[in-house]
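Using our numbering, read the sequence shown as starting at 6 and increasing by one per residue. Ideal placement from N, C-alpha and C gives every residue a C-beta, glycine not left out. Remember, it's a predicted structure, so these values are computed and weren't measured experimentally.
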Amino acid sequence: MSKPAKTKRILRLTQLSVLVALLLIFGFTSIGYIKIGVIEITLNIIPVAIGAIVLGPSAGAICGTVFGLTSFWQAVSGMSAFGAMLVNVSPVLTFILCFVPRILEGWLTGLIFKGLSAKCKNNSVPCAVSSICCPLINTLLFVGGFILLFGQTDVFASLYGQSTASNIIGFFAWFVGLNGVVEAIAGFVISTAVSKALLTANKRLV
6 MSKPAKTKRI LRLTQLSVLV ALLLIFGFTS IGYIKIGVIE ITLNIIPVAI
56 GAIVLGPSAG AICGTVFGLT SFWQAVSGMS AFGAMLVNVS PVLTFILCFV
106 PRILEGWLTG LIFKGLSAKC KNNSVPCAVS SICCPLINTL LFVGGFILLF
156 GQTDVFASLY GQSTASNIIG FFAWFVGLNG VVEAIAGFVI STAVSKALLT
206 ANKRLV
């Protein structure tokens with residue numbers, strides 16, 4: 006392995022390790038979650054977005070997997086009130102809901118950035134668009150998965166009643182509205198800035 010290739014590999018592993026560490030800190034403490042009743046707005050999407058943009062789709066999927074792991078742990082440990090309710094209904098379905106949307110979130114964000122960056126002269130637009138897409142993908146997949154997997158349960162019925170929605174589309178908009186706006190803003194501001202800075206730094210270091 007050539008010296009530049011070795012340097013690039015070490016840099017990649019170091020940055021991925023830092024992002025995974027951040028996800029674990031966010032996931033195993035209250036730092037990564039803003040809780041409003043049973044609704045939880047997560048900041049874990051930020052390290053996932055950064056990993057997907059800076060390190061690629063596979064790294065995004067790895068970060069998403071760690072995000073899913075911490076989400077499931079919060080559910081089974083009772084740290085998440087909403088997750089605990091889902092575990093009481095079905096641990097298996099809760100496991101699927103915690104992991105699948107988060108893995109796809111990281112992987113798809115990486116693909117979006119890869120596709121956009123191939124067509125743009127600089128990384129400003131790809132970083133911004135990908136940073137916004139990451140939380141939106143997470144929210145849409147998670148809420149969609151919740152409706153699909155738990156739509157016939159008392160947990161869903163209770164939340165549906167709280168939403169005062171007249172149909173499933175209204176409930177989806179209510180649930181997404183609480184989570185999506187804050188996560189998208191945080192993703193746009195923080196993920197875009199950090200990703201751009203890291204991409205620039207990586208070019209200089211390698």
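Out of I51, G83, A66 and V97, which has the shortest C-alpha to C-alpha gap to R107? It is A66 whose Cα lies nearest to the Cα of R107.
Just the C-alpha distance for L121 and G73, rounded to the nearest angstrom, thanks. If I take the Cα positions, the gap works out to 26 Å.
Decide if the segment 53 to 66 is in contact with the segment 14 to 31; the criterion is three or more beta carbon pairs, one per stretch, under 8 Å apart. Contact holds: three or more Cβ-Cβ distances are below 8 Å.
Is it the case that the Cβ atoms of C132 and K201 are separated by a distance below 7 Å? When the beta-carbon positions are compared, C132 and K201 come within less than 7 Å of each other.
Using DSSP's beta-bridge definition, name the partner residues of Y38. Answer is T47, bridged to Y38.
In the DSSP assignment, find the unbroken alpha helix (DSSP H) run with C125 in it and report its ends. If you look at C125, you'll find it isn't in any alpha helix (DSSP H); DSSP assigns it neither H nor E.
Short Cβ contact (7 Å threshold) for L48 with G37: In this structure, G37 lies closer than 7 Å to L48 by Cβ.
So, under 8 Å CB-CB, C103 and S129 are touching, yes? Tell me the CB distance rounded to an integer number of Å. At roughly 33 Å, the Cβ-Cβ gap does not stay under 8 Å, so C103 and S129 are not in contact.
If you drop the 5 nearest sequence neighbours on each side, which residues of the same chain put their C-beta closer than 7 Å to that of V160? Same-chain partners within the cutoff: M90, L91 and V94.
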